[in-house]
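*Asks:*
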Amino acid sequence: MGFHSVMAARGKTLLYKEKMKVVSQLNHNKVYLHSKLIKRQRQWHFRHADTEQFNQQLRNSAGGESLDECPALPPLQISEWRQVIKLTCTDTQELTEDEQFARQCACIIIWFKLQRQKEVQCWGCHKKQQPSQRYFQPDPPLDTVRAKESIPAKLGEKQCPFCIADISLPWGERMKVRERTNKFWNHIKSIHCEELKAYSSGQKHCRICKVQGITFTAPSIMEFKSHTLSVHGPCLRP
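Just so you know, the sequence shown maps onto residues 69 to 306 in the numbering used here.
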């Protein structure tokens, strides 16, 4: 072939080219068979997964367990939900009318406590973010409310305008200043995302202005962000 040494002929002979064709065909067949096996396993799973679970329940029932047994409910993170379930699912036949009425009143009070609570949405990097603890407190006297609603004319850039306007929160939680801008934006996205989207309707009033006795309706989300920055101070995510 005209090669001076074995090293010079490496990768250039006809035998090497034949070998690479065989290796290439082998790798192609391996990828094809692997994809075919994965597809077959996926189809089998979606066709027989429920059947396997049902057969497992039948085998368990043969050992003494009943099919009518419901799986354990997931633990409730909010204590008020546990109280509601305890009050509504307990048999009341042996209770007197006064005790039944007291239980109904307690259940209604708990529902009012839950009315202002918001569920934290866990998306992406926000899964590690711990939701802030919010406790229900009875309404203070009117003079105390007026004193605590004296919101400053200008807020800090990293103060949440939604928390400040929420009079059900403690005063310290309302006026909390986030350490960094990213944490402030993540708080808005994870806690107040739906509340921010509501301004796209063009009919929602600015809550800070409402607390201050002013009526302002933003026609869009961008107008609300611009109003919040120019009038109140916090800079929301563009």
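The C-beta atom is built at its ideal place from N, Cα and C for all residues, glycine as well.
Would you list the residues sitting across from His273 in a DSSP beta bridge?
*Replies:* The partner list for His273 (beta bridge, DSSP) reads Thr285.
*Asks:* Which term fits Arg232, buried or exposed, when burial requires 16 or more other beta carbons within 10 angstroms of its beta carbon?
*Replies:* Checking the displayed sequence, the identity of residue 232 turns out to be Ile instead of Arg. Under this definition Ile232 is a buried residue.
*Asks:* Assign Gln227 to one of two classes, buried (16 or more other C-beta atoms within 10 Å of its C-beta) or exposed (fewer than that).
*Replies:* The residue in question, Gln227, is buried, as its Cβ has 16 or more Cβ neighbours within 10 Å.
*Asks:* Smallest Cα separation from Gln34: which of Phe292, Ile259 and Met243?
*Replies:* Past the edges of the chain, shown from 69 to 306, lies residue 34, and the structure says nothing about it.
*Asks:* Quick check on DSSP: helix, strand or coil for Glu148?
*Replies:* Reduced to three states, the DSSP call for Glu148 is helix.
*Asks:* Within this structure, are the beta carbons of Gly301 and Lys244 separated by less than 8 Å?
*Replies:* No, they are not a contact pair.
*Asks:* For the alpha helix (DSSP H) holding Lys181, just list the boundary residues, first then last.
*Replies:* Start and end: Glu165 to Gln183.
*Asks:* Taking 6 Å as the limit between beta carbons, can you name the residues of its chain near Ile289, skipping five residues before and five after?
*Replies:* Answer for Ile289: Tyr267 and Ser268, listed in chain order.
*Asks:* Mind reading off the beta-carbon distance from Gln151 to Ile178? Whole number of angstroms is fine, and I expect it under 8 Å.
*Replies:* Contact flag correct, Cβ pair sits at about 5 Å.
*Asks:* Within 10 Å of its beta-carbon, does Thr160 have 16 or more other beta-carbons around it, so buried, or fewer, so exposed?
*Replies:* By the 10 Å Cβ count, Thr160 comes out exposed.
*Asks:* Quick one: Cα of His273 to Cα of Thr285, how far?
*Replies:* Taking the straight line from one Cα to the other gives about 4 Å.
*Asks:* Do you know whose CA, among Leu101, Ala170, Asp166 and Trp253, lies nearest Leu155's CA?
*Replies:* With distances taken between Cα atoms, Leu155 lies closest to Ala170.
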